[in-house]
Each structure stands twice: as structure tokens, then as C-alpha cells.
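Engineer: The sequence shown begins at 1 in full-length UniProt numbering and counts up one residue at a time.
Built from N, CA and C at the ideal position, the CB exists for glycine as well.
Can you read through this structure? Questions will come right after.
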Amino acid sequence: MKITISQIDIIDHSYDENSEKIIKIIKENNDSDIILFPELSLTGFPTKEQVEPAFLKSKNALKRIASASEGLSNKIILGHIEQHDAGYYNSAFLFSNGEQQILHRKSHLWLDDIGVFTKGHESSLVTHNDSQVGAQICFDLEFPEGSRKLAQSGADLIVMPNGNMHPYSNIHFVLTQARAIENQVFAVTCNRVGSGHGGHFAGESLVVSPFGEVLLRMGDQETVQTIELDLTQVQKSRRDYLYINNL
1 MKITISQIDI
11 IDHSYDENSE
21 KIIKIIKENN
31 DSDIILFPEL
41 SLTGFPTKEQ
51 VEPAFLKSKN
61 ALKRIASASE
71 GLSNKIILGH
81 IEQHDAGYYN
91 SAFLFSNGEQ
101 QILHRKSHLW
111 LDDIGVFTKG
121 HESSLVTHND
131 SQVGAQICFD
141 LEFPEGSRKL
151 AQSGADLIVM
161 PNGNMHPYSN
171 IHFVLTQARA
181 IENQVFAVTC
191 NRVGSGHGGH
201 FAGESLVVSP
211 FGEVLLRMGD
221 QETVQTIELD
231 LTQVQKSRRD
241 YLYINNL
């Protein structure tokens, strides 16, 4: 499976500029199976007062991204604001051939999410080329239960749109490896870079194998990198021992 990690510099509340960058990456990497973007890729992190206008003002940009996926066989996964019932969620959107669905709602709210977003509980898998793909978002990585639930449901790959800031880059470096090893899956994070929301985003997006091998560790600059994953490594890692069944 070929996956493209789009470690981009997001400009807070610049919906058109952010969407143009995302669409350009989609067009340039349409031979990838999955194109992954960071948390809240279109809007950046809103405050409680900003979340509704940010959602409304970014609707057209989101539609353009959906249109850009038409006719493509790959999966595009990015973080964005979702309105559902009376609340707003920090969600992972999945685009495929012009259609969109929610792959995950962030279930562990970071300090700046509290009071802005509703805690999510939904997390599903999507099939691509006979492999099962699930998602988490940023702070979810720091709690093992969500990854374990996805692995027990059959995930081969867990992708994570991130918005991780300094000084927490080493936490995600260590825990991405832990989540991959303990669940015997590929774990992929896609973080944001640059400044915004009163801080500096760390970058350092990661690709880790089911054996815990760091296959890719990106720097702290905007860059787009593609890597081929050998998904037979999932079954090889589970051939002699299944961590996910030993509870």
C-alpha cells in the first residue's frame, strides 16, 4: 500500500488557501492509495466562539476537496470540524470518489478542545485493497484503548491526523511505536508544522511498522512524502504471537 503523508503548514482560518494546498497535493499524488493530512487541516484550532463560523465559512472549501476526489480510487483522510446534532466534533473525514464519511471522532479532548468540541465515541474501519484502515486523532494516541479496539476489529493500519505542538514531539515519537508494537499494526501520524494557535507545531510525522521499526520520521518543515507499506508484515508480526488477543 502506498501512503502519502502531507505534513503541511496550516494558516489558521485561511480556508481557501489551505484547501488549495490540499487539492494540489491530492492531484499530484493520485497514484497513492491513501493521502493523509493533519488535524483540522482547513481551519486550524478554533476557540469556542470561532468554531461555528469556522465550520460555516469552510463549507465550500470542504466541497472543493470532495470534488477533487471524484474519479479517484484512493482514500483521502483529513481532520476537520464536523457538526452533528447540537455539537461540533473534531473529526477525521474520509473522501473517496466524491463521497465523504466520518472515519473517527476525537475521543480524548486536549485542553484546547474542551468546551469547543464534543467528545466522540465513533470510530470505524474502511477497507482498501483488502486491508482494514482505522483512524485516531492526536491526543487519542496517548491512550491505548482506542488503538486496541481498532486492532481487535481487524485494523491493519491506523492513521492519525495530528496537531502536536512543542514540547510534546518525543511523547508522540515513543507512543506511536508503542501503539504499533502492542497492536501489531502499521501506525502513521501526519502532523502540522509552522506556527499557529499560540504555539509551534512539531512536525515529525511518523510511519512505524508492526515490529516497531521507524520507517519514516519527517522533520519540522512543510513536506510531502510517500512511502510503500508492505502489509504482509502485519501477518508476519502476528504469526507466532497475538498481543491483541491476550487480555
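1. My understanding is that Leu78 touches Phe37, with C-beta atoms under 8 Å, so please give their C-beta distance in whole angstroms.
2. With a threshold of 8 Å on Cβ separation, who are the neighbours of Gly219 within its own chain once the five nearest residues in sequence on each side are excluded?
3. Pick helix, strand or coil for His108, following the three-state DSSP scheme.
4. Could you round the C-beta distance between Ile26 and Ser69 to whole angstroms and report it? I think they count as a contact, below 8 Å.
5. Go through its chain and collect everything with a Cβ distance to Leu242's Cβ below 8 Å, but skip five positions before and after it.
6. What are the start and end residues of each continuous beta strand (DSSP E) run of 3 or more residues lying completely inside the stretch 167 to 192, in chain order?
7. Who does Tyr88 pair with in a DSSP beta bridge?
8. For a quick check, are the C-beta atoms of Val159 and Val188 less than 9 Å apart?
9. Shortest alpha-carbon distance to Gln177 belongs to which of Asn162, Ala155, Val214, Phe143?
10. Quick check on DSSP: helix, strand or coil for Val208?
11. For Glu49, which residues of its own chain have a beta-carbon under 6 Å away from its beta-carbon, when the five flanking residues on both sides are left out?
12. Return the CA-CA distance between Asn246 and Gln235, expressed in angstroms with no decimal places.
13. What is the DSSP secondary structure of Arg64, counted as helix, strand or coil?
14. Give me the DSSP bridge partner(s) of Ala135.
15. Indicate whether Phe211 and Asn164 have their beta-carbon atoms separated by less than 9 Å.
16. For a quick check, are the C-beta atoms of Lys119 and Leu109 less than 9 Å apart?
17. Might you give, ordered along the chain, the residues of its own chain that have their beta carbon closer than 6 Å to the beta carbon of Ile181, omitting 5 neighbours on each side?
18. Can you grab the Cα-Cα spacing for the pair Leu40 / Ile81, in whole Å?
19. Can you say whether Leu125 is buried or exposed, counting buried as having 16 or more other CB atoms within 10 angstroms of its CB?
20. How would you call Gly154, buried or exposed, if buried means at least 16 neighbouring beta carbons within 10 angstroms?
21. Is the beta carbon of Ile3 sitting closer than 9 Å to the one on Ile171?
22. Between the stretch 84 to 96 and the stretch 16 to 23, do at least 3 Cβ pairs fall closer than 8 Å?
23. Does the beta-carbon of Leu56 have 16 or more other beta-carbons within 10 angstroms, so that it is buried, or is it exposed?
Structural biologist: Walking through what the data contain:
1. Taking the first residue of the sequence shown as position 1, residue 78 is located at position 78. Taking the first residue of the sequence shown as position 1, residue 37 is located at position 37. With a Cβ gap of about 4 Å, Leu78 and Phe37 count as contacting.
2. Taking the first residue of the sequence shown as position 1, residue 219 is located at position 219. Correct list, in chain order: Gly203, Glu204.
3. Taking the sequence shown and counting its residues from 1, one reaches residue 108 at position 108. In the structure shown, His108 sits in coil (DSSP, three-state: anything other than H, G, I, E or B).
4. The residue you call residue 26 lines up with position 26 of the sequence shown. The residue you call residue 69 lines up with position 69 of the sequence shown. The pair is a contact, with the Cβ atoms about 7 Å apart (cut-off 8 Å).
5. Taking the first residue of the sequence shown as 1, we reach residue 242 at position 242. Correct list, in chain order: Gln184.
6. 186 to 190
7. Along the sequence shown, one-based indexing puts residue 88 at 88. BP columns for Tyr88 point to Gln83.
8. Mapped onto the sequence shown, residue 159 falls at position 159. Mapped onto the sequence shown, residue 188 falls at position 188. Yes, these two residues count as a Cβ contact at 9 Å.
9. Here residue 177 refers to the residue found at position 177 of the sequence shown. Ranking Asn162, Ala155, Val214, Phe143 by Cα distance to Gln177 puts Val214 first.
10. Within the sequence shown, the letter at position 208 stands for residue 208. Three-state DSSP puts Val208 in a strand.
11. Taking the sequence shown and counting its residues from 1, one reaches residue 49 at position 49. Once the five neighbours on either side are set aside, Glu49 has no close Cβ partner at all.
12. Residue 246 sits at position 246 when you count from the first residue of the sequence shown. Residue 235 sits at position 235 when you count from the first residue of the sequence shown. Rounded to the nearest angstrom, the two C-alpha atoms are 16 Å apart.
13. As a working mapping, residue 64 is identified with position 64 in the sequence shown. Correct three-state label for Arg64: helix.
14. By one-based count along the sequence shown, residue 135 stands at place 135. Ala135 pairs with Val159.
15. Sequence index remark: in the sequence shown, residue 211 carries index 211 (1-based). Sequence index remark: in the sequence shown, residue 164 carries index 164 (1-based). In this structure, Asn164 does not lie closer than 9 Å to Phe211 by Cβ.
16. Taking the sequence shown and counting its residues from 1, the one referred to as residue 119 is at position 119. Taking the sequence shown and counting its residues from 1, the one referred to as residue 109 is at position 109. Yes. Within cutoff.
17. Counted from its first residue, the sequence shown places residue 181 at position 181. Result list for Ile181: Gly212, in chain order.
18. For the purposes of this step, residue 40 is identified with residue 40 of the sequence shown, where counting begins at 1. For the purposes of this step, residue 81 is identified with residue 81 of the sequence shown, where counting begins at 1. Distance between the alpha carbons of Leu40 and Ile81 is about 7 Å.
19. Numbered from its first residue, the sequence shown carries residue 125 at position 125. Burial call: buried.
20. In the sequence shown, the residue the question calls residue 154 occupies position 154. Classification for Gly154: exposed.
21. Looking up residue 3 in the sequence shown gives position 3. Looking up residue 171 in the sequence shown gives position 171. Not a contact, by the Cβ cut-off of 9 Å.
22. no
23. In the sequence shown, the residue the question calls residue 56 occupies position 56. That one is exposed.
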